[in-house]
Each structure stands twice: as structure tokens, then as C-alpha cells.
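Heads up: the structure comes next, in C-alpha cells.
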Amino acid sequence: MRQASSRDCEVTDERDENKLIAERRRKLDELREIGNAYPNDVHRNALADELHRTFGEHEAEHLIEEDVEVDVTGRMMRKNVMGKGSFIALADRSGRIQVRLERDRLPEGVYAAFKKWDVGDILFAKGKLFKTQKGELTVLADEVRLVTKSLRPLPEKWHGLSDQEIRYRQRYVDLIMNEESRDVFRKRTAVVQYMRSFLDSQDFLEVETPMMQVTPGGAIARPFKTHHNALDMELYLRIAPELNLKRLVVGGFERVYEINRNFRNEGVSTQHNPEFTMMEAYRAYADYQDWMNSTEAMLRGMSSAVLGTTVVEYQGESYDFGKPFARMTVEEAILKYNEDIDSGKLRDRDYLVSVCERLEVPVLEGYGEGKLQIEIFEKTCEDKLREPTFITQYPTEVSPLSRQNDSDPFVTDRFELFISGREIANGFSELNDPEEQAARFRAQVANREAGDDEAMAFDHDYIRALEYGMPPTAGIGVGIDRVVMLFTDSPSIRDVLLFPHMRPEVFD
RNA sequence: GGGGCGUUAGCUCAGAGGUAGAGCAUUCGGCUUUUAACCGACUGGUCGUAGGUUCGAUCCCUACACGCCCCA
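Printed below as a string of C-alpha cells:
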């Protein structure tokens with residue numbers, strides 16, 4: 002963080018702290034002299050939102066007659082002192098409730114003490130509900146307590162906190178100040194909850210598989226490495242749960258899923274965080290077409306459940322998840338977005354190399370026709386896939402765990418879902434022929450030996466599992482963070498991660 | 001990894017090669033229906049860090065740190 006801003010972060014010597022904090026620390030010292038400054042005997046019987054829902058529509062006169070006494074608590078977000086009477090706003094997890102404080106209604110000395118309390122302090126208030134002249138539901142306090150002193154001033158009330166760096170590094174301040182931010186994370190939870198209920202209702206079993214693996218597999222990516230001291234061995238953080246989940250299908254759990262973190266040792270960007278959340282699900286006796294249909298149904302239901310509409314507004318564009326998702330093959334997409342490409346030469350290596358050179362896509366020695374196609378696809382098609390679109394028939398060369406297509410072994414029975422130019426999901430009919438899978442692993446190992454450090458390792462136990470027999474199965478992976486970005490109109494993955502990865506802050 | 005932009009009071013932001021500005025917050029005073037409360041007074045800064053140019057740098061130059069955006 003900027004050094005001037007960080008200077009006061011860890012210093013306890015009051016002389017070096019800014020005056021605002023020093024002032025509050027003095028007030029805390031006074032609280033300590035009077036009694037316990039951090040009590041733990043506080044309970045409430047009402048939440049702000051619940052009070053507004055229950056009594057918000059009541060007429061002022063009726064409300065007085067009802068004589069409703071409530072105990073509320075929350076962080077003081079607003080403090081308007083007007084002589085012998087004041088209004089404050091308390092924020093609890095549900096929302097805000099206003100409290101009216103009057104000197105002559107409170108026990109002797111309490112009002113004077115209250116005047117020294119600061120915005121940001123956490124309070125308790127007991128009193129009867131009434132409505133102000135402007136009609137705002139308010140607690141008329143007979144009792145008020147400072148429950149937790151806040152030593153650090155909150156950001157300005159009108160503009161709030163907008164500094165991106167502080168919003169990410171000190172998410173607690175962001176959450177205190179920004180309702181929109183709280184809403185993002187509530188929606189994130191709603192997305193995951195919907196996904197769980199969708200799968201649970203179809204008899205999928207949720208499982209947890211290891212984060213630390215001896216052989217990282219299931220995706221083409223660089224892993225993080227760690228070390229187990231007692232066993233004195235290298236371990237890797239998983240890049241995908243895929244192979245373990247399919248082991249479970251071999252074991253007879255015909256429908257399994259996991260929602261959990263993956264770790265990939267790659268760059269950080271608005272689309273990538275080193276750890277991110279993936280949902281992977283596997284279903285026996287299904288194929289990739291079934292998963293396309295399910296994925297579409299899930300996203301449609303999810304948008305209705307989370308947003309209350311099938312129309313998703315994202316960064317100025319609008320996508321209707323209620324409409325059928327488009328479907329096209331990789332080769333169809335390449336031809337659609339490259340009118341100059343010769344449809345008869347899509348599997349001609351020399352031709353594809355020349356196209357890549359023209360597109361200034363670096364070509365490595367070992368690239369075959371399939372890899373070259375994908376390079377061209379990624380360069381020229383992906384960002385044009387705005388409306389929800391399933392791209393199918395990925396080349397076998399780039400799909401080492403997918404089942405080959407029966408009529409065209411150049412491609413696999415695989416799809417990826419794109420929305421707003423981004424990959425959201427990836428699914429395929431699983432390769433369950435152990436001998437074919439072993440051959441694919443050998444090809445990956447050859448790539449690795451040729452210098453591709455993202456290529457897969459040979460997983461002997463996975464082959465052994467397949468040799469016991471895995472029923473015909475199809476699986477899918479959905480990037481949760483990206484779905485949440487879509488559903489919350491967030492331009493950066495950091496906006497949907499409570500604590501996004503940041504370079505370490507300098508405390509001097 | 002490359003490029004662009006940014007970093008000034010607790011927060012949100014102005015500013016200009018010549019002693020650093022506003023609003024909110026804080027502090028003090030007034031005010032018993034406010035809600036960006038209001039009125040009055042005061043206070044608050046190593047202008048991200050380190051070098052360089054200059055009589056003089058927060059401003060110009062270089063490097064570095066952190067952040068944002070774009071590209072690979």
C-alpha cells in the first residue's frame with residue numbers, strides 16, 4: 002500500500018498516530034477507567050429490517066398505542082446531535098434503524114456520555130417504536146450503551162470508500178461502508194446455494210477431495226508447490242479435482258460434485274486469481290449433450306432465483322438466459338469469425354501455421370492441427386462470443402481427458418460455454434477407455450519433456466482406477482467466480498472475492 | 001514480462017517551479033423531530049519512497065514501491 006497511508010497502521014505510540022485515532026484512544030482509556038470497555042453481555046431481540054417490515058407501514062398513532070419495546074444493536078453510522086435531543090442510525094446485519102436519544106429521557110449523565118461517542122462505535126439501545134414527523138420508524142431510547150469503541154474513523158459519509166486498494170485490502174471497511182459490496186457477496190452465496198440445490202435435487206452427492214496432491218492433474222496449468230515436513234516430500238496444491246471425482250464414479254458414486262478452491266500458479270488479472278472456486282460435477286450414463294442441456298437449465302434457473310429475472314445485465318450488455326443458448330463447433334466458429342479462412346484446409350497444418358503467423362500467434366514446434374485451431378479460435382473468436390454460446394467439438398489434441406467423437410476422432414465430445422466473451426464452463430464426455438487414456442497421458446508426458454511445463458503428468462493410479470471400469474460418464478466444471486461476476490455486473494474477479502490476492506502491504 | 005494512468009489531510013477530491021487548498025470527519029460552543037441536519041470558531045500535511053536537475057521541487061527528470069486499466 003502507499004507508504005504514507007500505511008504508516009499509521011501498526012504504530013501504537015500515540016504521538017505518531019493521527020489525531021483522530023489518538024482522540025478515540027483517549028476516549029477508550031476513559032471507558033476502561035469506568036468499567037469493562039469490551040462487554041460481552043449484550044443481546045438484542047430485533048433486527049432493523051424485521052422492524053421495518055413489521056411496523057414500517059403502521060400509522061404513527063397506532064404505533065404509539067401498540068407500545069412496542071425493542072432491543073437493538075449496531076454500528077452508529079450517522080449521528081445528528083441537536084442540543085438535548087439527537088438522532089442516530091444503527092446498522093446491523095439486516096439494515097439500519099434510527100434511534101432517538103433525549104437527554105431527559107435517559108438516566109442521569111448518559112446523554113452527556115453519548116455526545117462523546119463517535120460514528121463507527123457499536124451501540125445497544127432499548128426503547129419504544131415511534132415515527133418521526135417525516136414518517137421514519139425510530140426507537141425512542143430509554144437506555145443506550147456503548148458496546149464496542151471504534152478507534153479508527155470511517156470514510157466520509159457522502160462519498161464513502163471508493164479507493165479500490167483499500168476496498169480490497171481492508172474488505173471490512175468496504176463492507177461497513179458499501180451496501181453494493183455487501184450485496185455482491187450475498188449474491189455470491191445465493192449462486193452457490195442455487196447450484197447446490199440444483200444438483201442435490203438430482204441426487205448428486207457433494208464430496209470433498211484433496212487440495213494437496215502428489216501428482217497435480219485434471220487440467221493444463223502450472224501448480225503451486227509446497228512441502229510436507231514430517232514426510233519430507235513435495236506436494237502440489239490441486240489445479241482441479243477432476244481425476245479424484247472420476248475415481249469416485251468408478252467407486253459407484255454415479256453422481257458426484259464438489260464446490261471448492263483450485264490453485265493455479267499463473268498471472269493475476271481482472272479475470273484470474275491464483276485461487277478460485279470451481280464447481281465440478283460428474284454424472285454416469287450421461288454424455289456431453291446432457292450436460293449442455295443441464296448447464297443451460299441451471300443458469301436459467303439461477304438467474305431467476307438470484308436476480309429475479311432471466312435477463313442478465315453485464316457491463317452495458319444484456320443477455321437473456323431465457324432464450325436457448327447458441328451452439329456451434331470450434332471449426333464453425335473459426336469460419337464464422339474469419340471469412341478469409343479456407344474451410345477446406347482447417348486441418349492442414351501448413352495452412353494453419355500460415356494463418357497463425359498472419360495473426361501473430363506464436364507457433365511452437367510441437368503444435369498439431371488441433372492446437373493450432375485452438376490458438377486461432379482463442380485469438381479470433383472468444384471475445385466475440387457475447388451471447389451465451391456452447392462451443393463444441395474441441396480437438397482431441399487439446400483435450401487429454403475427453404472421449405473422442407465416434408465419427409470424427411480428430412475431435413472430442415466436449416464443449417465450453419462462453420458468455421460475454423469469457424469461458425464460463427467446460428464439460429465433456431469422459432474418456433473411460435484406460436488404454437486410450439494411458440496413450441493420452443504418454444503424449445502429455447512427451448509434451449512435458451519437450452518443455453511444456455503445463456502438460457499433464459502420467460497418473461498411474463488414475464489409469465488403474467479406469468481399469469476397474471468407469472461407466473460411461475460426462476462431467477462439467479463451472480467457474481463460480483465468473484458466474485458471480487456476470488450476476489453482479491462486476492468488471493473484475495477481485496470484486497467478487499472477499500479477500501482477493503494482493504501484493505503484501507508494507508508496514509514500516 | 002511490455003505499455004498507459006494514478007498515489008496530496010482520516011475519507012472524497014482540487015491545485016501550481018516560489019511558505020499547501022476545499023468539503024466531510026475531528027476538537028470547542030449553540031441548538032429536543034434530524035436524516036449529506038444546521039449555525040459559529042479552531043485544528044489537521046515529510047504532497048508514495050529514494051536520488052537527480054534547479055537559487056528553490058509536492059510540481060520537471062530517473063529509479064523503485066503499491067494500485068488501476070490494456071496487451072502478452
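Numbering-wise (this note's numbering), the first sequence opens with residue 2 and increments by one. Every residue gets a Cβ at the ideal spot worked out from N, C-alpha and C, and that includes glycine.
- Closest in alpha carbon position to residue 497, among 47, 193, 457, is 193.
- Nearest in C-alpha terms to residue 270, of all of 30, 218, 494, is 494.
- For residue 366, there is no enclosing alpha helix (DSSP H), since its DSSP letter is neither H nor E.
- If you check the CB distance, residue 86 and residue 102 come in under 9 Å.
- With a threshold of 16 other beta carbon atoms within 10 Å, residue 214 meets it and is buried.
- Bounds of any beta strand (DSSP E) do not take in residue 506, whose DSSP letter is neither H nor E.
- Using a Cβ-Cβ distance cut-off of 8 Å, the region 136-153 and the region 117-128 are in contact, since at least three pairs of beta carbons, one from each stretch, lie closer than that value.
- Residue 420 is bridged by DSSP to 423.
- Under DSSP, residue 92 forms a beta bridge with 76, 97.
- Every alpha helix (DSSP H) of 4 residues or more that sits fully in the region 211-261 is shown, in chain order, as 243-251.
- Look at residue 405 here: in three-state DSSP terms it is strand.
- Take the alpha-carbon of residue 500 and the one of residue 168: they are about 10 Å apart.
- Under the DSSP assignment, residue 315 falls in the beta strand (DSSP E) whose first and last residues are 312-315.
- A straight-line Cα-Cα distance of about 10 Å links residue 21 and residue 119.
- Residue 324 is classed as exposed because its beta carbon has fewer than 16 other beta carbons within 10 Å across all chains shown.
- The shortest C-alpha to C-alpha distance from residue 382 to any of 403, 467, 340 is the one to 340.
- Distances from the CA of residue 460 to each of 402, 134, 335, 420 were compared; the closest alpha carbon is that of 402.
- In summary, residue 412 is buried, with 16 or more beta-carbon neighbours lying within 10 Å of its beta-carbon over all protein chains present.
- With at least 16 other beta carbons inside 10 angstroms of its own, residue 414 counts as buried.
- The DSSP assignment places no complete run of the alpha helix (DSSP H) inside the region 133-159 (cut-off: 4 residues).
- Bridge partners of residue 284 according to DSSP: 256, 475.
- The region 237-247 and the region 214-224 touch, with three or more beta-carbon pairs separated by less than 8 Å.
- The three-state reading of DSSP puts residue 58 in coil, since its state is none of H, G, I, E or B.
- Beta-bridge analysis with DSSP links residue 330 to 393.
- Counting along the chain, residue 305 sits inside the alpha helix (DSSP H) bounded by residues 289-308.
- Counting C-beta pairs with one atom in each stretch, the region 417-427 and the region 471-482 have three or more that are closer than 8 Å, which means they touch.
- Nearest Cα to residue 250 within the set 439, 284, 227: 284.
- For residue 112, the enclosing alpha helix (DSSP H) covers residues 111-115.
- Around residue 255, the same chain offers 285 as residues with beta carbons nearer than 6 Å, after the five sequence neighbours per side are excluded.
- Residue burial is scored here from C-beta neighbours: residue 159 has fewer than 16 other C-beta atoms within 10 angstroms and is therefore classed as exposed.
- Bounds of the beta strand (DSSP E) holding residue 321 are 318-321.
- Ranked by how close their Cα comes to the Cα of residue 68, the residues 140, 359, 378 have 140 in first place.
- In the DSSP assignment, residue 39 falls outside any alpha helix (DSSP H), carrying neither H nor E.
- Taken in chain order, the complete beta strand (DSSP E) segments of 3 or more residues contained in the region 421-472 are 423-430.
- For residue 415, DSSP records a beta bridge to 429.
- It is roughly 16 Å from the alpha-carbon of residue 71 to the alpha-carbon of residue 61.
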